[in-house]
Each structure stands twice: as structure tokens, then as C-alpha cells.
Amino acid sequence: MLLATLLFAIMNVLIKYLTHIPSYEIVFFRSVISFVITLGILMRLKIFPFGRGNRFWLIVRGLAGSAALLLFFYTLQHLPLATAVTIQYLSPIFTILFASILIKEPVHWKQWIFFLLAFAGVFVIKGFDPRVSLPLLGFGVLSAICAAFAYTAVRSVRDNEHALVIIFYLPLSTLPLITPYTIMHWTAPHGLDWLLLFAVGILTQSAQYLMTRAYQIEKVGNVSPFTYTGIIFAIIFGSLIFKETYSLQVILGIALVLTGVLLNFAFVNGYISTKKLKIFVRNFPGF
């Protein structure tokens, strides 16, 4: 999982470096590569690529995932790297909310404390970083919402569909929508751009495979926390490669988001009992 997170972090760096290539065009290249690779594997394994009858939720997964990718890539290009990645980590919170509405998974009222903590972090980031405009913040949050909707759709079909079929529906849904617009508003890549665009597709596919394997061979609770090292990678890469700096207030905001998301994860997976949570709340300043 740590290697998968590192590959995703490198992919984020490449997308930010390719600021002269529109985000929709990067999504197009990524989708083409993912389509070819995934379809090839499905055919080799003799798996029907269009699913077993859950096409509604598979299409929803694809469309929501496409919107999430497009918005996330756009924020990566226009926001500080760690900020864009941090906002994307709100998606688990939205996933829980959607799951409670659409597939009736219960939400404990104490989880709202963690949700508010995470959103407080977002407002701290917005308030103390002039590089974070309200529209860009909105795009980032909307990307997290779309990603959460996609994850919820995946949870609806994961027991009935092969993982590769679920992955395949992302480029399958993206390409018909984004190809005409990309052709009409084409920005020609030059030289190294072609290699970097190809690398984005390969890195994404490799990271998805490694992440899937990690979840297959280990318990979710043992591997999921490693995904949040992506924030550390983003801060390091942003500082070293793009010379980005962060004030103490912004670092505090990032920490609040991570704390809220991780506390929720720990609570859901039984690492924090209700009794311990009550003690924490009583001793927390302001309660």
C-alpha cells in the first residue's frame, strides 16, 4: 500500500508539472491507457468486460469517477500540491454520508464530531492561504464528493462484479464524454510531454493494482492508514520540486483534516471505543 501511495504521489507531481496541458486532456490520455490495459487483461482472463447486470451502478461509478478525476486534476494544477491532496481526503467522509442514504449503512452520531473537525481544517486552510480561492476550494470539495459517490457505487456492486470490470467502467464512461471536447480543444503535447502523459497512465494503473492487491491480502484496517502518507509525500514533493511553502496555520488546517478523517476511520474499525471517545471529548478544550 505504501508503494501504491508513492506512485499516486508521483502521478500528482507529473500532473502539476504539466500545467500547460489542460486537465481534461490529461484525463483523456489516462483513460485511453487505462482502457487499453484493462480491456486487454479482461480479454486474456476471458472475463466479460461489461458486467453481470449491475450496469446502472457501474455507469454511475464511471461517471462520478470521471467528474472526480477531472476536478481533482484541475485543482492539482492550480492549488498547492498538499492542499489539493488534503481536500481530496475528505472523500471518505462523504462516502459514509452517501452510504447511509443510498445503501442504509448506519452513521454513529459521534462521527459527526470527526466530520466537523475535518471541515474545520478545510476552513482554516482557506482562511490562511491566499492561494486557495473559493472557486478552487469548491472544485476540490466537489471532486471529493464525486469520488465518494463513485466509491459508494463500487460498494453496491463489489460482491457481484470482478474488480477489473469495476475499474474498466471508469475509462469506458469517461472516453465517450471527454473525447469530442478534447479533440475540439486540443493542446498539442511536445517532446517530454508525451512521455509524462504516458507515465501518468502507467503510474495510475500500477498504483490501482497494488492498492487492490494490498486490500486482498491484508485487512483494511492494516493497510488503509498508509494511504494518508500521501499528504507527507505531497508536502515533500511540493516543497522540493515546486518550491511551495506552507504557514503554520495551513499546516494546522491540514492536520485537522487528517485528524478528523483518521479518527473516523479508527472509530468505524473499532480502534476507538465509545467509552474512550467520551473521555477524549470531555478533556478536549472547548467541550
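Numbering (our numbering), first residue to last: -15 to 271. The beta-carbon is built from N, C-alpha and C at its ideal position, and this holds for glycine as well.
Quick check on residue i: does DSSP put it in helix, strand or coil?
| i | result |
| --- | --- |
| V149 | helix |
| K110 | helix |
| A172 | coil |
| R142 | coil |
| S190 | helix |
| S231 | coil |
| F40 | helix |
| K0 | helix |
| F226 | coil |
| G35 | coil |
| G244 | helix |
| G24 | helix |
Measuring straight from C-alpha to C-alpha, what distance separates residue i and residue j?
| i | j | result |
| --- | --- | --- |
| I263 | T67 | With a pLDDT of only 49 at I263, under the threshold of 50, the placement of this residue in the model should not be trusted; the figure read from the coordinates follows. About 32 Å. |
| I(-1) | Q61 | 7 Å |
| P173 | I151 | 27 Å |
| A48 | G254 | 30 Å |
| C130 | T22 | 22 Å |
| G111 | L100 | 16 Å |
| R39 | D113 | 42 Å |
| F123 | T59 | 7 Å |
| L156 | F19 | 7 Å |
| F13 | H169 | 14 Å |
For residue i, which residues from the same chain have a beta carbon less than 8 Å from its beta carbon, with the 5 sequence-adjacent residues on both sides left out?
| i | result |
| --- | --- |
| V11 | S50, L53, L54, F57, T158, I162 |
| T171 | H4, I5, P6, E9 |
| E228 | P64, L65, A66, G222 |
| P90 | S84 |
Please name the residue, chosen from the options, that lies closest to residue i on a Cα-to-Cα basis.
| i | options | result |
| --- | --- | --- |
| A239 | A250, E89, I71 | I71 |
| T213 | R36, V245, F226 | V245 |
| G37 | I(-6), E145, R115 | E145 |
| F251 | H92, L156, P160 | H92 |
| L116 | A(-12), L242, S231 | Inspection of the sequence shows that residue 116 is occupied by Val rather than by Leu. It is S231 whose Cα lies nearest to the Cα of V116. |
With a threshold of 6 Å on Cβ separation, who are the neighbours of residue i within its own chain once the five nearest residues in sequence on each side are excluded?
| i | result |
| --- | --- |
| A104 | L240 |
| G237 | G105, V108, I109 |
For residue i, which residues from the same chain have a beta carbon less than 7 Å from its beta carbon, with the 5 sequence-adjacent residues on both sides left out?
| i | result |
| --- | --- |
| L(-10) | F217 |
| P79 | In the sequence as presented, Pro is not what sits at residue 79; that position holds Thr. Answer for T79: A132, Y135, T136, listed in chain order. |
| V138 | R45, I150 |
| I225 | V(-3) |
Problem set entry | Runs of alpha helix (DSSP H) lying entirely within the segment 68 to 118, each at least 4 residues, in chain order | Taking only runs of at least 4 residues, the alpha helix (DSSP H) segments lying wholly in the segment 68 to 118 are 75 to 86, 95 to 112.
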